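Enquirer:
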Amino acid sequence: MTFVRLDRPEEEVADASVAPPGRPKGRLRRRPLGGPRWVGWAFVLPGLIGLAVFIVIPQVASLILGFSDSTLLGGTQFTGGENFARLLRDPQFINSVIVTSIFVLVYVPANIAISMAMAMWLKTRIAGRNWIRVIFLIPALSPMVANAAVFRLLFQQDGVVNQALAAIGLEPIPWLSDGNWALAVVIGVSVWQSFGYNMIVLGAGLDSISPDVIAASRIDGAGPIRRFVSITLPLVSPALFFTTVLTVIGAWQTFAQAYVITGGGPGNSTMTIMLYLYQTAFTNNQLGYASAIATVLFVIIAIFTLFQLWGQRKWVHYD
Amino acid sequence: MKAQWKFTRSRKRAGVSVVVVGVLALGLAACSGGGSESSGLDGDTLKMYTWIGGKADKKQWADYVAGGVHADPDMKVSFTGPPIGDYYTKLPTVMRSSSAPCLVTFQNGRVNQYVEGLEPLDDLAKENNLDLTAYSSAMLEQLSVDGKLYSIPFNTGPTVVLYNKQMFKDAGVAEPTNDWTTDEFIAAAKATTKDGVYGFAIPQASNPIATLMAADGHPWADEDGPLLDDPNFKDALQLLVDLSNKYKVAKPLEAAAGGTFPDIDAFNTGQAAMEMQGLWDLQHAQESLGKDNVGIAVIPSKNGASKGFIGGSGFGITKTCGDKQKAFEAIEAMTSKSGLEFVTKSQASVPARLDALDAWSENAGSPEFATVIEQMTGDATPSPVPANQAELDTLLTQYEVDAFSGKSTVDEVLQQVKAGLAQ
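Just so you know, the sequences run in chain order A and B. All residue numbers for the first sequence refer to our numbering, where the first residue is 621 and numbers rise by one. All residue numbers for the second sequence refer to our numbering, where the first residue is 75 and numbers rise by one.
1) When you compare each of Leu-742(A), Met-736(A), Tyr-896(A) and Ala-787(A) to Thr-864(A) by their alpha carbons, which one comes out closest?
2) Starting from Gln-873(A), trace the beta strand (DSSP E) in both directions and tell me its first and last residue.
3) Consider the Cβ of Gly-299(B): report whether some Cβ of chain A lies at a distance smaller than 8 Å.
4) Quick one: Cα of Pro-641(A) to Cα of Phe-663(A), how far?
5) Below 8 Å, can you find three or more Cβ-Cβ pairs linking the region 115–128 of chain B to the region 339–356 of chain B?
6) For Thr-124(B), which three-state DSSP category applies?
7) Please report the distance separating the alpha-carbon of Ile-370(B) from that of Phe-242(B).
8) When the distance is taken between beta carbons, is Phe-307(B) closer than 8 Å to Leu-314(B)?
9) Contact defined as beta carbons within less than 8 Å: I believe Tyr-275(B) pairs with Asp-337(B). What is the distance between those atoms, to the nearest angstrom?
10) Checking contacts by CB at 8 Å: is Leu-671(A) closer than that to chain B?
11) Alpha carbon to alpha carbon, how far is Gln-730(A) from Gly-748(A)?
12) Any Cβ of chain B within less than 8 Å of the Cβ of Asp-689(A)?
13) Would you call Asn-377(B) buried or exposed, if buried means 16 or more other Cβ atoms sit within 10 Å of its Cβ?
14) Taking just the CA atoms, how far does Arg-427(B) sit from Lys-398(B)?
15) Which term fits Ser-762(A), buried or exposed, when burial requires 16 or more other beta carbons within 10 angstroms of its beta carbon?
16) Under 8 Å between the Cβ atoms of Val-484(B) and Leu-311(B)?
17) Could you have a look at Glu-193(B) and say whether DSSP puts it in helix, strand or coil?
18) Report the three-state DSSP secondary structure of Glu-328(B) (helix, strand or coil).
19) Considering just the uninterrupted stretch of the alpha helix (DSSP H) at Pro-678(A), what are its terminal residues?
20) Indicate whether Arg-706(A) and Tyr-879(A) have their beta-carbon atoms separated by less than 8 Å.
21) Beta-carbon separation of Ile-921(A) and Ile-869(A) under 8 Å?
22) Just checking: is the beta-carbon of Asp-710(A) within a distance shorter than 8 Å of some beta-carbon in chain B?
23) When you compare the region 845–864 of chain A with the region 815–828 of chain A, are there three or more beta-carbon pairs, one atom per stretch, that lie closer than 8 Å?
24) Given Thr-699(A), which residues of its chain have a CB within under 8 Å of its CB, disregarding the five upstream and five downstream residues?
25) If contact means a Cβ-Cβ distance below 7 Å, which residues of the region 895–912 of chain A contact chain B?
26) Going by C-alpha to C-alpha distance, which of Leu-488(B), Val-139(B) and Thr-251(B) sits closest to Ile-373(B)?
27) Starting from Asn-505(B) and walking both ways along the beta strand (DSSP E), at which residues does that stretch end?
28) In chain order, what residues of the same chain have a beta carbon less than 7 Å from the beta carbon of Ala-401(B), not counting five sequence neighbours either side?
29) Which residues in chain B sit within 7 Å of Thr-694(A), going by Cβ to Cβ distance?
30) For Val-475(B), return the contacting residues in chain A, with the cut-off set at a CB-CB distance below 7 Å.
31) Quick check: Gly-191(B) and Leu-685(A), are their CB atoms within less than 8 Å of each other?
32) Could you give the distance in angstroms between the alpha-carbon of Gln-345(B) and the alpha-carbon of Leu-363(B)?
33) Starting from Phe-274(B) and walking both ways along the alpha helix (DSSP H), at which residues does that stretch end?
34) Short of 7 Å in beta carbon distance, which residues of its chain neighbour Thr-892(A), apart from the five on each side in sequence? Order them along the chain.
35) Mind checking which residues open and close the beta strand (DSSP E) that includes Val-235(B)?
36) Tell me Tyr-209(B)'s beta-bridge partners as DSSP assigns them.
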């Protein structure tokens, strides 16, 4: 049997004399609607249109709008790099970058550590482990807005959490009145919501490790810590890399938790970049400036992602 | 053959490009908003975008449409929309979309930020011989920008104190009079604060400040924006903070998403004896606490001669509306005397037409309610709506929490808000 690469030009295919015997050479060129190349485009086109309409065009439009003073209902005047220069002297934006950076620095390690710990725990032969996995996954499957609204009620001044603290003789904590506590609540709710998904991915990575490798390391005398550092971590590193990249991207784009639980307050202690972008566009009616913020956020995320892709060579093992 | 292949390939590329560009152009055209004769209509039914937070809101709009049909049997209006908390953020994108409605609504005179997408109504009013003097002049002024009218009011919502009569009775406190002072208000709040229930529920953002200032005859804003440097502005915010921190008669404000109303929730669930809200909440409160259990009083003032703070609602027409005349006729019908009188049979909101007030007193209110409304609407402090009110409310909601927690003084909060607005 002869295999023919469908992506080769028709002439080459024809010249390769792979056409069925007795068929004139010219027939291949006259195949209806252009032959294999057209078929390829037909398969790709729906996805390509979706990519263009929902990702490429909005990204390009956002980039262009970032150089204008466009409003939601009004016209558009191009203002050059004014919006980007303004970002550098906008204390609210700088604050939102700091708040989001703190969020990323605390949320990502906490999320990955808890996900990994839970995945390791569930790898042991405990009864009902599959049910426990499902239970921990439920927060990730339920809408963040609904979760955040419930947590808002739990953490308000006379909410269940403070009532529980009072029941054991502790002073109430100003969860939503103090900036530091409010940020802690937003981070905590975010971790609670999302660790289940990472736990499943890391669990799948752990399950793919051959028991023979673990057994061999035990025979070689490796203790639990040594096994974790030298065997488990390297072998689960592709899954760890995948979850870390997605978690970092998600962390920079945090919006719903802060929007629903604190509205960015008290003061601007929980004002993430995405929330500031939203307020700038839809409350302050400054679409051009908001687009500039979106572009900067895109660049920040791109830099972090590229850095992680570059860094994976040093610690991710695909063998 | 090679040349022919290249030519064929470039033709194919061009063909694919044309298809892609065509599809994208169609998509963009669909998103860019239309201006055809059918824009904003569904057949011969006008589409209206408004706030709908639940059954009560849905019933309210159904009643206004029914009132319009009562006045003009040919009128056809359908309505849709999100809860009030999301309404103003979604409105601009909806007004720009291909499915933009013909009719939109505005609360508290908030047309300023949306005039670029609205049709001025002065000419239509003239062509249709609509007598604008029949409407509350304060409301018409609020709904105008640079001398152009963008919305016809259907209700006029003076902010009042709503109080729980049973809680006042249980605390042995006399019900408020229409000349009560701030000190008497604080005393009533102190008396009704007990058993985990607060005497008063503090609203967020600028409305309570504007209301307290108006009660003493001080405007809270001018055409340039809120008067953050006015000592009366500071005094009003300080009073709200003191109600919580000094007098302990109200729950301190906490960080919250904009567009939420913890004060209304607290009052309507019996967690507070008083709230300060527009009359639009009267019906919700009556449904929650019992019709005869909710009283209304004027806003307390320093000298007992309280003036009103008006913030009613109106209908506007989008610029993209395909049949503006039809849309205006619908507004005319829904805000007509007979239309609004019809609405008073089932809704407690006060009609914006002065000639429909008698029907309101008879159907929805009571003589004591009418007295309060007359005082609040008859002697109102002008209450302009600055273009940056949405920004102000967002910033105040964020920063005033620090004054309640003691982290910042009221002065510092106002400076932070001012700096935020300057950005």
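Note that beta-carbon positions come from the ideal geometry of N, C-alpha and C, so glycine has one too. Since this is a predicted model, take the numbers as computed values, not measurements.
Expert: In terms of the structure at hand:
1) Walking along the first sequence from the start, residue 864(A) turns up at place 244. Ranking Leu-742(A), Met-736(A), Tyr-896(A) and Ala-787(A) by Cα distance to Thr-864(A) puts Met-736(A) first.
2) Translated into the one-based positions of the first sequence, residue 873(A) becomes position 253. Premise fails: Gln-873(A) is in no beta strand (DSSP E) and is neither H nor E.
3) Counted from its first residue, the second sequence places residue 299(B) at position 225. Contact with chain A is absent for Gly-299(B), since none of that chain's Cβ atoms lies less than 8 Å from the residue's Cβ.
4) For this step, residue 641(A) is matched to residue 21 along the first sequence. For this step, residue 663(A) is matched to residue 43 along the first sequence. Caution is warranted here: a pLDDT of 49 is assigned to Pro-641(A), below 50, making its placement in the model unreliable, and the coordinate value is therefore given only provisionally. The alpha-carbon atoms of Pro-641(A) and Phe-663(A) are separated by roughly 30 Å.
5) no
6) Your numbering for residue 124(B) matches position 50 in the second sequence. Three-state DSSP puts Thr-124(B) in coil, outside helix and strand.
7) Indexing the second sequence from 1 puts residue 370(B) at position 296. Indexing the second sequence from 1 puts residue 242(B) at position 168. Cα to Cα, Ile-370(B) sits roughly 12 Å from Phe-242(B).
8) Position 240 of the second sequence, counted from the first residue, corresponds to residue 314(B). Position 233 of the second sequence, counted from the first residue, corresponds to residue 307(B). Result no, Cβ atoms of Leu-314(B) and Phe-307(B) do not sit closer than 8 Å.
9) For the purposes of this step, residue 275(B) is taken as residue 201 along the second sequence, with counting starting at 1. For the purposes of this step, residue 337(B) is taken as residue 263 along the second sequence, with counting starting at 1. Inspection of the sequence shows that residue 275(B) is occupied by Ala rather than by Tyr. Indeed they touch by this definition, with Cβ atoms about 4 Å apart.
10) Counting from 1 along the first sequence, the entry for residue 671(A) is found at position 51. Not closer than 8 Å to any Cβ of chain B, the Cβ of Leu-671(A) fails to qualify, so no.
11) Taking the first sequence and counting its residues from 1, the one referred to as residue 730(A) is at position 110. Taking the first sequence and counting its residues from 1, the one referred to as residue 748(A) is at position 128. The question names Gln, but residue 730(A) in the sequence shown is Ala. Computed Cα separation, rounded: 25 Å.
12) Working through the first sequence from its first residue, we reach residue 689(A) at position 69. So, not an interface residue.
13) Locating residue 377(B) in the second sequence gives position 303, where the first residue counts as 1. That one is exposed.
14) The sequence position of residue 398(B) within the second sequence is 324, counting from 1. The sequence position of residue 427(B) within the second sequence is 353, counting from 1. Answer to the nearest angstrom: the Cα atoms are 22 Å apart.
15) One-based indexing of the first sequence puts residue 762(A) at position 142. Burial call: exposed.
16) Walking along the second sequence from the start, residue 484(B) turns up at place 410. Walking along the second sequence from the start, residue 311(B) turns up at place 237. Yes, the Cβ-Cβ distance between Val-484(B) and Leu-311(B) is below 8 Å.
17) Here residue 193(B) refers to the residue found at position 119 of the second sequence. It is coil, neither helix nor strand.
18) Here residue 328(B) refers to the residue found at position 254 of the second sequence. Correct three-state label for Glu-328(B): coil.
19) Here residue 678(A) corresponds to residue number 58 of the first sequence, with the count starting at 1. Per DSSP, Pro-678(A) belongs to the alpha helix (DSSP H) from 677–685.
20) Residue numbering aside, residue 706(A) sits at position 86 when the first sequence is read from its first letter. Residue numbering aside, residue 879(A) sits at position 259 when the first sequence is read from its first letter. Their beta carbons are not under 8 Å apart, which means Arg-706(A) does not touch Tyr-879(A) by this criterion.
21) Against the first sequence, residue 921(A) aligns to sequence position 301. Against the first sequence, residue 869(A) aligns to sequence position 249. Cβ distance < 8 Å, so Ile-921(A) and Ile-869(A) count as in contact.
22) The count along the first sequence starts at 1 and reaches residue 710(A) at position 90. Chain B contact via Cβ: present.
23) yes
24) Working through the first sequence from its first residue, we reach residue 699(A) at position 79. Correct list, in chain order: Phe-687, Ser-688, Asp-689 and Gly-908.
25) Gln-899, Phe-902, Thr-903, Asn-904 and Asn-905
26) The residue you call residue 373(B) lines up with position 299 of the second sequence. With distances taken between Cα atoms, Ile-373(B) lies closest to Thr-251(B).
27) In the structure displayed, chain B extends from 75 to 497; residue 505(B) sits before or after that span and is not available.
28) For the purposes of this step, residue 401(B) is taken as the residue at position 327 of the second sequence. Around Ala-401(B): Leu-120, Cys-176, Leu-177, Ile-391 and Cys-395.
29) Stepping through the first sequence from its first residue, residue 694(A) is reached at position 74. Note on residue identity: the sequence assigns Gly, not Thr, to residue 694(A). Neighbours of Gly-694(A) on chain B, chain order: Glu-190.
30) In the second sequence, residue 475(B) corresponds to position 401, counting from 1. Those within 7 Å of Val-475(B) in chain A are Ser-797, Gly-885 and Pro-886.
31) Here residue 191(B) corresponds to residue number 117 of the second sequence, with the count starting at 1. Here residue 685(A) corresponds to residue number 65 of the first sequence, with the count starting at 1. Not a contact, by the Cβ cut-off of 8 Å.
32) For the purposes of this step, residue 345(B) is identified with residue 271 of the second sequence, where counting begins at 1. For the purposes of this step, residue 363(B) is identified with residue 289 of the second sequence, where counting begins at 1. Looking at the two C-alpha atoms, the distance is approximately 11 Å.
33) Here residue 274(B) is taken as the residue at index 200 of the second sequence, counted from 1. From DSSP, Phe-274(B) is part of no alpha helix (DSSP H); its letter is neither H nor E.
34) Looking up residue 892(A) in the first sequence gives position 272. Ser-716, Val-719, Thr-720, Phe-723, Thr-874, Phe-875 and Ala-878.
35) For the purposes of this step, residue 235(B) is identified with residue 161 of the second sequence, where counting begins at 1. First-last of the beta strand (DSSP E) with Val-235(B): 233–238.
36) As a position in the second sequence, residue 209(B) is number 135, starting the count at 1. Paired residue(s): Arg-427(B).
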